[in-house]
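For what it's worth, my numbering labels the leading residue of the sequence shown as 793, then goes sequentially.
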Amino acid sequence: MCADLADALNACADGTLAGLKTLAMQALPGLVAVTQQYVEAHEEVEDIVHDTLYLAWQNAWRFDAAEELPGHWLMHILGNRLNSQLSAPYREAFDPEASGYNHLEPVELPPPMERHETLATHRLWNLAECLTPGKVSDRLRTRLTEAFEVLSVQSQMPLTPSGENADPRLFDPILAPRMRLSRLSLRTKQHVDQYVVQPLANSMLTIWMHQLPGAQHIERWGLPRHSVEARFQQALDIEVTPRDLVRNMNYPRSFPDRRVRHGINKRLLWDGDWDQRLEYFRASRRMHFITDIWEHRRNLCNSRSYHQLAERLAHGNPIASHSDGIMLDRPERIHAYLRRYVLYMESMACFGFDNQLGKDPLAAAVDRNGGLVKINKGLHRLAMAQVLGIPRITIRVRGIHHLWWQQVTAGTTGIAAMERMLAALPNCPPSR
793 MCADLADALN
803 ACADGTLAGL
813 KTLAMQALPG
823 LVAVTQQYVE
833 AHEEVEDIVH
843 DTLYLAWQNA
853 WRFDAAEELP
863 GHWLMHILGN
873 RLNSQLSAPY
883 REAFDPEASG
893 YNHLEPVELP
903 PPMERHETLA
913 THRLWNLAEC
923 LTPGKVSDRL
933 RTRLTEAFEV
943 LSVQSQMPLT
953 PSGENADPRL
963 FDPILAPRMR
973 LSRLSLRTKQ
983 HVDQYVVQPL
993 ANSMLTIWMH
1003 QLPGAQHIER
1013 WGLPRHSVEA
1023 RFQQALDIEV
1033 TPRDLVRNMN
1043 YPRSFPDRRV
1053 RHGINKRLLW
1063 DGDWDQRLEY
1073 FRASRRMHFI
1083 TDIWEHRRNL
1093 CNSRSYHQLA
1103 ERLAHGNPIA
1113 SHSDGIMLDR
1123 PERIHAYLRR
1133 YVLYMESMAC
1143 FGFDNQLGKD
1153 PLAAAVDRNG
1163 GLVKINKGLH
1173 RLAMAQVLGI
1183 PRITIRVRGI
1193 HHLWWQQVTA
1203 GTTGIAAMER
1213 MLAALPNCPP
1223 SR
């Protein structure tokens, strides 16, 4: 049985749907039996087992048969999913008139997720060995069959501008023309950047590093950020406690001039008072959204976010995004959209924060006092890490206030200045 489970997980890691079907066939009775020892409601049992298989499919590439038994690996996922369910509060449906909700108020973070010892992997495995296999309901079988059908057409879906296949549950054909146009535009821009802009930026960095003629002008301009990042990469990364990152930047507020705002991400060094107009991250829209759906993970239809999206739909103005390939023009699509975020959080709670899974690393800037400020790129992921209480994450510095740069480089230039700055980065605390 262990060999069969391992083969099924390896097939899942290769993206073979047959592997997931084999995994479900072999693991379902045991997963159901164990789950029923902790949860009575049939709907909750089905949710937990369904999500356990989905998370196994999504994360099968992490499984290493040389390090762990396949049954133990599955029970690790089940234990985390059970822990999430059992710790989820019961919430009433959102009432806009009675809630007293204020979107400007900072959210109150829940205690960090901690797995109860009764859900330890070895305990669940021993329990599964002793129990009679559980009966798989027709409703769960139907639900899994529908999930298999969605996964089977995933690779045939149109590509979003950034190159991922659109989600079949959220995609509408009306989005396809704009998606193709945006993808063409983005690919054209990427080719121009690759063959024209980036070589020029690399030359600028080389000139500055070796203090050739024009170096001072390049530093005053702000240094080409993409070239600096390509050359130094991990040297720009800093480990932080997610909940310590309490300040984030609102680009329109920090850079009111649109021309400056649109060009600032090309530069490493930023001038001006952008760091004097920061926002409190726990009062941000993304933080409210993530906190809301996590609190209501037992029933997302009771969440404020579901209510707001459904209200937009009722007024004939549903969310539609060609860049993400989503059209939330049906209640079931709204629910599926919110479930995507919750399942991402379930995966993070189970396997920890993985910076490689996002389109870009989590990004931050250094203010004039040497404090770390969250900037765009990964705001939802940071909110998830804060809500879950993830202990450590890695962020990448993509902007530095010119005043702090001048302080740490102490009059040096070129390679010496860069080395001083990189040596000082690990000591930068989150801005307060």
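A virtual CB, placed ideally from N, CA and C, is assigned to each residue, including glycine.
Quantities reported herein were computed from a predicted structural model and do not represent experimental measurements.
Pick from the options: whose alpha carbon is nearest that of residue i?
i, options, result
"Gly1170", "Gln1008, Ala968 and Ile1187", "Ile1187"
"Leu992", "Gln1198, Arg1017, Gly1191 and Glu941", "Arg1017"
"Ser1139", "Ser1097, Trp1196, His868 and Asp799", "His868"
"Glu884", "His1080, Thr808 and Asp1084", "Asp1084"
"Glu1011", "Trp1197, Asp806, Asp799 and Leu812", "Trp1197"
"Pro881", "Gly1206, Ala1155, Arg1212 and Arg1090", "Arg1090"
"Gly807", "Pro1218, Asp796 and Trp853", "Trp853"
"Arg933", "His1193, Leu1101, Met817 and Pro1123", "Met817"
"Arg931", "Glu836, Asn957, Phe1047 and Gln1199", "Glu836"
"Ala858", "Phe963, Asn802, Tyr1043 and Phe1073", "Asn802"
"Leu845", "Val988, Leu943, Ile999 and Ser947", "Leu943"
"Pro1153", "Leu1130, Gly1162 and Val1189", "Val1189"
"Ala810", "Ala939, His1088, Pro1123 and Glu889", "Ala939"
If I'm right that residue i touches residue j with Cβ under 8 Å, what's the distance once you round it to whole angstroms?
i, j, result
"Arg1059", "Val1165", "That pair is no contact at about 16 Å."
"Gly1191", "Trp1013", "That belief does not hold up - the Cβ atoms of Gly1191 and Trp1013 are roughly 14 Å apart, past 8 Å."
"Phe1145", "Ile1182", "5 Å"
"Met1176", "Met1137", "5 Å"
"Leu1180", "Pro904", "7 Å"
"Leu901", "Arg1035", "7 Å"
In terms of DSSP beta bridges, what is residue i paired with?
i, result
"Asn1040", "Glu1071 and Lys1166"
"Ser1113", "Ile1118"
"Trp1013", "Its beta-bridge partners do not exist; DSSP assigns none."
"Asn957", "Leu951"
"Leu847", "For Leu847, which the question treats as bridged, DSSP gives no partner whatsoever."
"Arg1059", "Pro1016"
"Pro1222", "Leu1164"
Looking at chain D, is there any beta carbon in it that lies within less than 7 Å of the beta carbon of residue i?
i, result
"Asn875", "Among the protein chains of the structure shown there is no chain D, as only one such chain exists."
Provide the residue span of the alpha helix (DSSP H) that contains residue i, from first to last.
i, result
"Arg1173", "Leu1171 to Leu1180"
"Arg1096", "Arg1096 to Ala1106"
"Ile1187", "It is not in any alpha helix (DSSP H) - Ile1187 instead sits in the beta strand (DSSP E) that spans Ile1185 to His1193."
"Ala1141", "Pro1123 to Phe1143"
"Val1251", "The question about residue 1251 has no answer here: the residues shown for the chain are numbered 793 through 1224."
"Ala816", "Leu809 to Gln828"
"Ala1208", "Gly1206 to Ala1216"
"Leu932", "Asp930 to Gln946"
"Ser879", "Pro862 to Ser879"
"Glu1087", "Arg1077 to Glu1087"
"Cys922", "Thr913 to Cys922"
For the beta strand (DSSP E) containing residue i, list its first residue and its last residue.
i, result
"Asp1029", "Asp1029 to Val1032"
"Val1158", "Ala1155 to Val1158"
With distances taken between CB atoms, is the gap from residue i to residue j smaller than 7 Å?
i, j, result
"Asn1252", "Ser1019", "Since the first residue shown for the chain is 793 and the last is 1224, residue 1252 is missing from the structure and cannot be characterised."
"Leu861", "Leu823", "no"
"Arg1160", "Asp1067", "yes"
"Arg1184", "Gly1150", "no"
"Ile1118", "Leu973", "no"
"His1114", "Leu967", "yes"
"Pro1228", "Gly926", "Limits of the chain in this structure are 793 at one end and 1224 at the other, which puts residue 1228 out of reach."
"Pro898", "Tyr1043", "no"
"Val831", "Leu919", "no"
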